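All residue numbers for the sequence shown refer to UniProt numbering, where the first residue is 1 and numbers rise by one.
Even glycine gets a Cβ: it sits at the ideal position worked out from N, Cα and C.
This one's a predicted model, so the numbers in the text were calculated from it and none came from an experiment.
See structure below.
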Amino acid sequence: MWTGLRRTQTSDGACNLEAMEAVDRVARQVFGFDLRPGQRAAATSIAAGRDTLAVLPTGSGKSAIYQVAGLVLGGLTVVVSPLIALERDQAVNLRRRTKPDGTPIRVVTLNSAQHKAERRDSLAALRAGEVDFVMLGPEQFANDESVDAITNVTLFTLDEAHLISQWGRDFRPDYLRLPSVCESLGSPPVLALTATAAPPVQADITRELKMRDANVVVTDFDRPNIHLAVRRTRNDLPEDRAVDDRAVEVVLAHETPALVYALTHARCESLAERLNLDAYRAAPYHAGLPAAQRARTQDDFLAGRLDVVVATSAFGMGIDKPDVRTVVHAGVPGSLDEYYQEIGRAGRDGQPARAVVVYDPRTIRIPRLLAARSRMSPAVVHKVIDVLEATPGRVSVRSVVDTSGVSRQQVLRVVEELEGLGFLEPDGSDGMVKPDELPPDAFSLVYREGGRQQSILCSRIEAAREYAETVRCRRAELLAYFGEHYEPPCGACDNDEAAAAVRAQPSKAQVGRRHHEPETAATRVRHRVWGEGTLLSRDDHELTVAFDTVGYRHLTPAVLENGILTVEH
Numbered sequence: 001m002w003t004g005l006r007r008t009q010t011s012d013g014a015c016n017l018e019a020m021e022a023v024d025r026v027a028r029q030v031f032g033f034d035l036r037p038g039q040r041a042a043a044t045s046i047a048a049g050r051d052t053l054a055v056l057p058t059g060s061g062k063s064a065i066y067q068v069a070g071l072v073l074g075g076l077t078v079v080v081s082p083l084i085a086l087e088r089d090q091a092v093n094l095r096r097r098t099k100p101d102g103t104p105i106r107v108v109t110l111n112s113a114q115h116k117a118e119r120r121d122s123l124a125a126l127r128a129g130e131v132d133f134v135m136l137g138p139e140q141f142a143n144d145e146s147v148d149a150i151t152n153v154t155l156f157t158l159d160e161a162h163l164i165s166q167w168g169r170d171f172r173p174d175y176l177r178l179p180s181v182c183e184s185l186g187s188p189p190v191l192a193l194t195a196t197a198a199p200p201v202q203a204d205i206t207r208e209l210k211m212r213d214a215n216v217v218v219t220d221f222d223r224p225n226i227h228l229a230v231r232r233t234r235n236d237l238p239e240d241r242a243v244d245d246r247a248v249e250v251v252l253a254h255e256t257p258a259l260v261y262a263l264t265h266a267r268c269e270s271l272a273e274r275l276n277l278d279a280y281r282a283a284p285y286h287a288g289l290p291a292a293q294r295a296r297t298q299d300d301f302l303a304g305r306l307d308v309v310v311a312t313s314a315f316g317m318g319i320d321k322p323d324v325r326t327v328v329h330a331g332v333p334g335s336l337d338e339y340y341q342e343i344g345r346a347g348r349d350g351q352p353a354r355a356v357v358v359y360d361p362r363t364i365r366i367p368r369l370l371a372a373r374s375r376m377s378p379a380v381v382h383k384v385i386d387v388l389e390a391t392p393g394r395v396s397v398r399s400v401v402d403t404s405g406v407s408r409q410q411v412l413r414v415v416e417e418l419e420g421l422g423f424l425e426p427d428g429s430d431g432m433v434k435p436d437e438l439p440p441d442a443f444s445l446v447y448r449e450g451g452r453q454q455s456i457l458c459s460r461i462e463a464a465r466e467y468a469e470t471v472r473c474r475r476a477e478l479l480a481y482f483g484e485h486y487e488p489p490c491g492a493c494d495n496d497e498a499a500a501a502v503r504a505q506p507s508k509a510q511v512g513r514r515h516h517e518p519e520t521a522a523t524r525v526r527h528r529v530w531g532e533g534t535l536l537s538r539d540d541h542e543l544t545v546a547f548d549t550v551g552y553r554h555l556t557p558a559v560l561e562n563g564i565l566t567v568e569h
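Written out as structure tokens, the structure reads:
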């Protein structure tokens, strides 16, 4: 029977070597391939027992990391995933494999879409210790029945880990309960996986997950086969028509299969209808459509029965279609993290692909409005704190939701802030323990933190706007956001092409010239007004800094000379 890696070595170096050899062996024997360098480094790190954050581009095989490492470690691997469809796909792929000893890989899922009989069988298999991998959503840990069935955990994996970061608009409060859940499961090694995490987000992930001496594995963010461009709309047309006209024009000018990302449900519907009139097989995809219709659209796109899907950002996570040739954004996305992840769904086969933003300055109000709505109102914070103050001892999140009338998402955000301040203690499930009384300044501290998060969200929107309006090399601008230095020109963006058209054509040696330096990714700085931050990139014209209090800011190098910004040593 396969029992995983035997740790007989005492030194870290020997243990890492043993882990690396075991990782290589399992990858070849079970999956039939050699891991790429980033995959191998992350799998080796976690197989050696070290908490690990792996930041790898979309389509680079992040799931192989936990699959290989989980089999090396033996025992039960818990995989927390935000999408039921993604859980199912990964479970199906694993069940087709056998372990090195020839026995089948045993996988179960736990989710809200299961029939009672299927859930009962999954829980029974977990209790009996007959499972190698369990795939489930974070909300399952609010169910005591699920938590009680999960034992002998040797690896705790969080997929799409950026969702735990409050730097993002896609922040999922349910993820904030995971550190206490992990502790209740025996504190196994933690593996966090994401395709989109700038340095501040990386720090946020490791902090929120309470990772111990985390090993952060980050591979090159550049996708050189994707051409980057922005197309402006006509300003003499109404906003909706201007965006639709230009988006359709862009799709007509490029290859399919294509993904078009729109900011609203209405835009998805109208663009899909327009594209169908132009002889494309197109369909909308957004949260307002029935689940069965969304599933059919996804299946048809993967099977090649659709040329174009027009979607909100809800579409694409975990979708592995290698031949997407074009990704169009009908309006500036809410952040460059979101944009990078979505364009990463193009050209996974390594062939040339195009990413085009249709930019109308008027559309920036939509992500700004969404960001404004995300801030908790004083009334919401008061309601949650009032219920907590009236409930002594242990209190469950569900009871706070029921009593306060506030949504679970907002309750969890308030609770997480109170836990972070040390006013509440999580109990490893769906509850928390509170003292007899909360401090009198609890409300003001929580509400102040909400204001900080609001500033960060707004800064991310402004960074996306600046990307759309820049005249610099777009690849250099995009990679700078992720703390990666890129020496322009890339020769594969509209701005570089426009610059080349007004001067002598550069030599082949200059086109596509690249130079990556880790020089500024970890440099901490302090601003006289905004306090501490991380210097992400710098050149002769501009500094990009992510401040802890106000988010992303673009500054001139003069701030270093006049002392407004100082480097911390």
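Quiz prompt | Distance, residue 315 Cα to residue 221 Cα | solution = Distance between the alpha carbons of residue 221 and residue 315: 21 Å.
Quiz item: Which of helix, strand or coil does DSSP assign to residue 547?
Solution: DSSP places residue 547 in strand when its eight states are reduced to three.
Quiz item: Do you know offhand how far residue 120's Cα is from residue 400's?
Solution: For residue 120 and residue 400, the distance between alpha carbons rounds to 28 Å.
Self-check item: Ordered list of beta strand (DSSP E) runs contained in the region 62-143, each at least 3 residues
Solution: Qualifying beta strand (DSSP E) stretches, in chain order: 76-80, 107-110, 133-136.
Practice problem: Go through its chain and collect everything with a Cβ distance to residue 339's Cβ below 6 Å, but skip five positions before and after it. | Solution: 333.
Quiz item: Given a threshold of 16 other Cβ atoms within 10 Å of its Cβ, counted over all protein chains shown, does residue 227 qualify as buried or as exposed?
Solution: The residue is buried, with at least 16 neighbouring Cβ atoms inside 10 Å.
Quiz item: Thinking C-alpha only, which one of 161, 33, 91, 29 is nearest residue 101?
Solution: The closest CA to that of residue 101, considering only 161, 33, 91, 29, is found on 29.
Quiz item: Taking C-alpha atoms, which residue in 295, 296, 245 lies nearest to residue 274?
Solution: Residue 245 is the option with its Cα nearest to residue 274.
Quiz prompt | Under the three-state DSSP convention, the category residue 321 falls into | solution = In this structure, residue 321 counts as coil in the three-state DSSP scheme.
Quiz item: What is the DSSP secondary structure of residue 205, reduced to helix, strand or coil?
Solution: Correct three-state label for residue 205: helix.
Practice problem: Determine the direct distance from the alpha carbon of residue 560 to that of residue 540, and round the result to whole angstroms. | Solution: Straight through space, the alpha carbons of residue 560 and residue 540 are spaced by roughly 12 Å.
Practice problem: Would you list the one or two residues that DSSP bridges to residue 154? | Solution: Answer by DSSP bridge pairing: none, since residue 154 is not bridged.
Quiz prompt | Span separating the alpha-carbon of residue 229 from that of residue 552 | solution = The alpha-carbon atoms of residue 229 and residue 552 are separated by roughly 22 Å.
Self-check item: Unbroken stretches of the beta strand (DSSP E), 3 residues or longer, contained in the region 385-463
Solution: Counting only runs of 3 or more, we get 393-396, 431-434.
Quiz item: Taking C-beta to C-beta, are residue 68 and residue 39 nearer than 9 Å?
Solution: In this structure, residue 68 sits near residue 39, with a CB-CB distance shorter than 9 Å.
Quiz prompt | Minimum length 4: unbroken alpha helix (DSSP H) runs contained in the region 321-356 | solution = Fully enclosed alpha helix (DSSP H) runs of 4 or longer: 336-343.
Quiz item: Cβ of residue 327 within 9 Å of Cβ of residue 272?
Solution: Contact: no.
Exercise. Kindly indicate the opening and closing residues of the beta strand (DSSP E) around residue 217.
Key: Judged by DSSP secondary structure, residue 217 falls within the beta strand (DSSP E) whose first and last residues are 215-218.
Quiz item: For the 8 Å Cβ check, are there 3 or more pairs between the region 83-97 and the region 235-253?
Solution: No: fewer than three Cβ pairs fall under 8 Å.
Exercise. Could you tell me the distance, in whole angstroms, from the CA atom of residue 405 to the CA atom of residue 26?
Key: Between the C-alpha atoms of residue 405 and residue 26 there is a straight-line separation of about 50 Å.
Quiz prompt | Where residue 485 sits in the DSSP three-state scheme | solution = Residue state, collapsed to three classes: coil.
Quiz item: To the nearest angstrom, how far is it from the Cα of residue 440 to the Cα of residue 204?
Solution: In a straight line, the C-alpha of residue 440 is about 28 Å away from that of residue 204.
Self-check item: residue 478 versus 142, 335, 233, residue with shortest Cα-Cα distance
Solution: Restricting attention to 142, 335, 233, the CA atom closest to the CA of residue 478 is found in 335.
Quiz prompt | Where the beta strand (DSSP E) through residue 255 begins and ends | solution = Premise fails: residue 255 is in no beta strand (DSSP E) and is neither H nor E.
Quiz prompt | Whole-number beta carbon distance between residue 155 and residue 46, since they are thought to touch under 8 Å | solution = Contact holds; Cβ gap of about 7 Å.
Quiz item: To which residues of the same chain is residue 284 closer than 6 Å at the C-beta, ignoring the five residues directly before and after it?
Solution: Cβ neighbours of residue 284 beyond the five flanking positions: 268, 269, 272, 310.
Quiz item: Is it buried or exposed for residue 574, if we count other Cβ within 10 angstroms and need 16 for buried?
Solution: This structure cannot speak to residue 574, because the chain is shown only from 1 to 569.
Quiz item: Taking DSSP as the reference, what is the three-state secondary structure of residue 38?
Solution: Residue 38: helix per DSSP, three-state reduction.
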